[in-house]
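Chains as they are written, first to last, in this note's numbering: chain A, 125 to 601; chain B, 21 to 169. Cβ atoms here follow ideal geometry from the backbone N, Cα and C, with glycine treated the same way. Heads up: the structure comes next, in structure tokens.
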């Protein structure tokens with residue numbers, strides 16, 4: 125409970141009267157001070173009762189139209205407040221704007237309730253210029269009593285959350301040989317019985333069964349010893365290796381290879397979160413491992429991985445030449461900031477030399493294979509490796525997949541075929557189709573490796589056009 | 021935050037007239053002048069200023085009032101002070117008068133027994149403590165006790 129300026133004015137008036145009494149040696153001003161005190165206390169009692177009743181009666185519904193949106197897309201938010209507010213009490217409910225988001229002025233985001241207005245609602249739009257997960261603060265409730273002497277502020281309602289994804293391609297094809305696959309990654313039963321938590325079946329006791337597995341209730345009920353079996357459960361540790369080298373910058377009109385790779389990686393991340401599976405992440409740059417997040421199943425690990433994916437940019441290879449002087453990181457960052465806004469040819473040529481990526485581990489020879497090796501070194505037990513890369517260096521991809529599967533662990537490889545991200549396809553459909561066939565041979569070759577499943581990832585409309593061109597060529601012969 | 025507007029009500033005007041008349045009756049010629057001035061101030065100034073002015077005027081024209089004189093001036097002045105146009109006005113007036121009766125009596129008794137120098141801080145302390153206890157009660161019952169007040 126807070127006193128308004130009106131309250132403090134009254135307190136000041138009472139204090140002055142109380143001071144006048146000893147100053148003049150008269151009791152009369154003190155009686156005036158007592159009158160003001162009585163008025164303040166009576167008002168406070170009424171305010172406390174009013175505020176408590178308002179809080180009891182108040183219902184705040186704060187909802188957001190979608191829990192998932194993309195950058196700068198308006199999200200509709202609705203704030204509804206209702207309640208039988210005590211007479212004379214004014215109540216306003218204001219929806220806050222999360223840090224980093226844009227929204228209308230407070231007047232638009234505020235609803236007011238009074239004794240003759242028991243329900244009110246407002247709708248407005250929020251825009252998020254930054255990708256990430258936002259938890260919107262609970263609506264703020266402001267109460268003022270009838271005399272305007274006391275106010276109170278608190279928060280009520282449930283805080284909605286919204287996940288903002290970076291702009292991604294709309295028409296994603298994930299499949300094999302031009303055919304879309306429904307799900308390559310999902311829930312994973314072990315298909316085994318054993319120790320676990322979920323009761324599975326009852327069977328008769330046989331020799332060598334441990335005594336503590338006997339289900340005594342079933343045994344008593346059925347007259348012979350029975351054993352309760354449980355569904356064996358295990359967490360699947362997944363390591364996500366995402367290629368972010370310069371080659372992933374190749375782009376069609378729908379988006380770059382990296383945009384599509386990001387969507388696949390985000391989808392895998394979402395599945396891992398849903399299943400509470402431990403998830404690790406390796407971002408592979410031109411010079412080595414740009415990002416390394418050790419596998420974990422905590423919210424902070426998931427948030428870090430998702431955040432990295434949402435802001436994932438392709439790296440640029442450094443070109444070192446004899447006699448070149450290296451700059452300090454601070455100097456390089458300053459120059460990078462200056463060059464970023466400069467579109468001149470000079471700046472464009474210079475920019476790659478000031479690559480801001482700070483590598484976790486330099487792997488100049490083969491970053492992809494090196495990243496897989498690094499991931500394997502740090503993992504004990506079974507792990508799924510998910511490689512998201514392209515087909516520009518088939519031998520290295522094959523080596524990375526073979527290495528990941530060497531321990532008998534399953535490997536998923538998602539490939540972005542270069543032919544689907546080049547404009548040449550438009551001018552020469554036949555040549556493009558031949559290149560697609562070459563890619564397909566490579567993908568099948570990968571798919572044939574033990575424990576490896578390989579998929580193509582690309583714009584769905586381009587795949588359709590390629591296959592349509594092939595059908596047209598076949599029918600014309 | 022925008023505070024509700026306080027305007028004079030018929031009850032407040034009646035209280036103001038009664039306070040001015042009480043000043044005139046208790047203070048003679050000076051009281052009539054003080055009463056007229058009080059009425060004028062009451063028409064233009066906020067209630068707290070009118071109340072303070074009334075107390076100062078009463079002190080000036082009746083330096084040593086009897087309890088009857090004190091009550092005759094203070095009660096209508098108090099009604100003028102509290103009687104603004106606002107919801108719950110009568111409830112507030114009733115509550116304030118119910119509190120004023122014991123508080124005023126105790127203050128008067130404390131002043132006559134221990135003198136104004138002891139009674140004044142005693143009054144401020146007692147009212148401050150009562151107000152703080154109400155504040156804490158409200159914070160606890162609203163579940164805001166752990167938050168910054």
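- Spanning the alpha carbons of residue 101 of chain B and residue 35 of chain B requires a straight line of approximately 8 Å.
- In the DSSP secondary-structure assignment, residue 303 of chain A is bridged to A/300.
- At a cut-off of 9 Å, the C-beta of residue 167 of chain A has a neighbouring C-beta in chain B.
- Per the C-alpha coordinates, the member of A/581, A/163, A/157, A/365 positioned closest to residue 384 of chain A is A/581.
- In the DSSP assignment, residue 286 of chain A falls within the beta strand (DSSP E) that extends over 285-289.
- Collapsing the DSSP output to three states places residue 572 of chain A in a helix.
- Judged by their CB atoms, residue 226 of chain A and residue 251 of chain A are nearer to each other than the 9 Å cut-off.
- Shortest Cα-Cα distance from residue 39 of chain B to any of B/73, B/162, B/111 involves B/73.
- Listed by position along chain A, the residues whose Cβ is nearer than 8 Å to that of residue 151 of chain B are 164, 165, 168.
- In this model, residue 152 of chain A and residue 55 of chain B are separated by some 17 Å (Cα to Cα).
- In the three-state reduction of the DSSP assignment, residue 33 of chain B falls in the helix class, which pools H, G and I.
- The Cβ-Cβ distance between residue 133 of chain A and residue 174 of chain A does not fall below 9 Å.
- Any Cβ of chain A closer than 9 Å to the Cβ of residue 76 of chain B would place that residue at the interface, and such an atom is present.
- Using a Cβ-Cβ cut-off of 9 Å, residue 125 of chain A counts as an interface residue toward chain B, since at least one Cβ of chain B sits closer than that to its own.
- For the region 136-149 of chain A, the set of residues with a beta-carbon nearer than 9 Å to any beta-carbon of chain B comprises 136, 137, 138, 139, 140, 141, 142, 143, 144, 145, 146, 147, 148, 149, in chain order.
- If you draw a straight line from the Cα of residue 474 of chain A to the Cα of residue 409 of chain A, it comes to about 19 Å.
- For residue 519 of chain A, the closest alpha carbon among the candidates A/531, A/490, A/544, A/535 is that of A/490.
- Short of 7 Å from the beta carbon of residue 228 of chain A, and not among the five residues preceding or following it, lie these beta carbons of its own chain, in chain order: 248.
- In the DSSP annotation of this structure, the continuous segment of the alpha helix (DSSP H) that includes residue 109 of chain B starts and ends at 109-134.
- Note that the C-beta distance between residue 138 of chain A and residue 147 of chain B is below 9 Å.
- Taking a cut-off of 8 Å on C-beta distances, the region 132-142 of chain B does not touch the region 173-190 of chain A, as fewer than three cross pairs fall below it.
- Excluding its 5 nearest sequence neighbours in each direction, residue 293 of chain A has C-beta neighbours in its own chain below 8 Å: 378, 379, 383, 384, 387, 583, listed in chain order.
- Within the region 91-119 of chain B, the residues whose Cβ lies closer than 7 Å to some Cβ of chain A are 94, 98, 101, 102, 106, 107, 108, 111, 112, 115, 116, 119, listed in chain order.
- The beta-carbon of residue 59 of chain B is placed no less than 9 Å from the nearest beta-carbon of chain A.
- The shortest CA-to-CA distance from residue 422 of chain A to any of A/399, A/500, A/522, A/411 is the one to A/399.
- Within chain A, the residues whose beta carbon sits less than 7 Å from that of residue 157 of chain B are 172, listed in sequence order.
- In the structure shown, residue 384 of chain A adopts helical secondary structure according to DSSP, grouped into three states.
- Pairing residue 237 of chain A with residue 230 of chain A gives a Cβ-Cβ distance that is not under 9 Å.
- Contact annotation: the region 267-275 of chain A touches the region 197-215 of chain A, with at least three C-beta pairs closer than 8 Å.
- A contact between stretches requires three or more CB pairs, one per stretch, nearer than 8 Å, and the region 524-544 of chain A meets this requirement with the region 573-580 of chain A.
- Just measuring C-alpha positions, the residue of A/195, A/165, A/348 sitting nearest residue 153 of chain B is A/165.
- Here residue 368 of chain A is buried: its Cβ has 16 or more other Cβ atoms, across all protein chains shown, within 10 Å.
- Apart from the 5 residues on each side of it in sequence, residue 342 of chain A sits with its Cβ closer than 6 Å to the Cβ of 326, 350 in its chain, given in chain order.
- By the criterion of a C-beta distance shorter than 8 Å, residue 375 of chain A is surrounded in its chain by 381, 383, 545, once the five residues flanking it on both sides are discounted.
- Annotation: the region 200-287 of chain A contains the following complete segments of the beta strand (DSSP E) (minimum length 3 residues), in chain order: 214-218, 234-237, 243-250, 256-259, 264-268, 274-279.
- Taking 9 Å as the threshold, the shortest C-beta distance from residue 52 of chain B to chain A does not fall below it.
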